[in-house]
Amino acid sequence: MPLIFIGTSIVLSNWFNIYRNALSDLGHATRSSVAPIFNFGLSVGGVLIVIIGTKYLFNVSKALGIGSILSGYSLILVSVFDEVYGRLHFWVSVLFFITLAILLTIYIAISRELLRRLAALVALIAAIFSWIIHLVYRQPVGAAIPELISIAAITPFYIDITFKKACKV
0 MPLIFIGTSI VLSNWFNIYR NALSDLGHAT RSSVAPIFNF GLSVGGVLIV IIGTKYLFNV
60 SKALGIGSIL SGYSLILVSV FDEVYGRLHF WVSVLFFITL AILLTIYIAI SRELLRRLAA
120 LVALIAAIFS WIIHLVYRQP VGAAIPELIS IAAITPFYID ITFKKACKV
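Numbering-wise, the sequence shown is residues 0 to 168 according to numbering that gives the first Met the number 0.
Printed below as a string of structure tokens:
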């Protein structure tokens with residue numbers, strides 16, 4: 000759900016550059032005309048992640064449920080404390096991306112299928128390396144690419160475990 004709002008915000012922003020900007024630049028309340036769309040999408044997505052964590056994932060694994068709740072809540076915080084808040088926004092964003100890595104690590108630990116575990120491990124490593132390249136070598140200049148890689152890394156596994164549990168209910 001948040002990806003729809005992020006994509007819409009990117010399409011509607013003629014100034015946004017995936018190599019020079021962070022996704023959160025789209026949510027800057029005073030500099031971005033698409034901030035309401037972007038931040039609303041993040042907040043709705045965060046609420047949905049919390050609900051899924053509570054209703055489905057907590058029953059799969061307490062760690063996965065708690066991790067999902069923390070991830071969803073931190074995504075809500077990213078939308079509430081947009082870039083106008085400076086360092087506070089930075090830290091809630093860091094928290095969100097760390098919770099994504101933790102969720103993927105938990106998925107790896109609880110998954111019973113070797114192929115899924117290996118695929119999730121490769122995805123986690125790709126996400127971590129994208130952040131290392133960005134933070135150490137400043138490539139790309141903006142954070143949007145490592146942000147999108149991190150989101151893409153967890154999405155298929157999050158959908159997999161959510162649908163498996165939701166279909167059993």
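Ideal Cβ placement from N, Cα and C applies to all residues, glycine included.
Counting only residues of its own chain and dropping the five nearest sequence neighbours on each side, Leu123 has a CB closer than 8 Å to the CB of Ala100, Leu103, Thr104, Ile107 and Ala152. Annotated three-state conformation of His27 is coil, per DSSP. Linking Thr7 to Ile36 through their CA atoms gives a straight-line distance of about 8 Å. For the options Gly52, Ile9 and Ser78, the alpha carbon positioned closest to that of Gly40 is the one of Ser78.
Note on geometry: alpha-carbon atoms of Ser23 and Glu112 lie some 35 Å from one another.
Here Gly66 has Thr98, Ile101, Leu102 and Ile105 as same chain residues with Cβ atoms under 7 Å from its own Cβ, once five neighbours each way along the sequence are excluded. Per DSSP, reduced to three states, the secondary structure at Ser73 is helical. Inclusion of Ile109 and Leu63 in the CB contact set at 9 Å is warranted, their separation being smaller than that value. Residue burial is scored here from C-beta neighbours: Tyr157 has at least 16 other C-beta atoms within 10 angstroms and is therefore classed as buried. Taking C-beta atoms under 8 Å as the contact rule, Ser12 and Leu25 qualify, at a distance of about 6 Å.
When the Cα atoms are used, Tyr55 and Pro145 turn out to be separated by approximately 28 Å.
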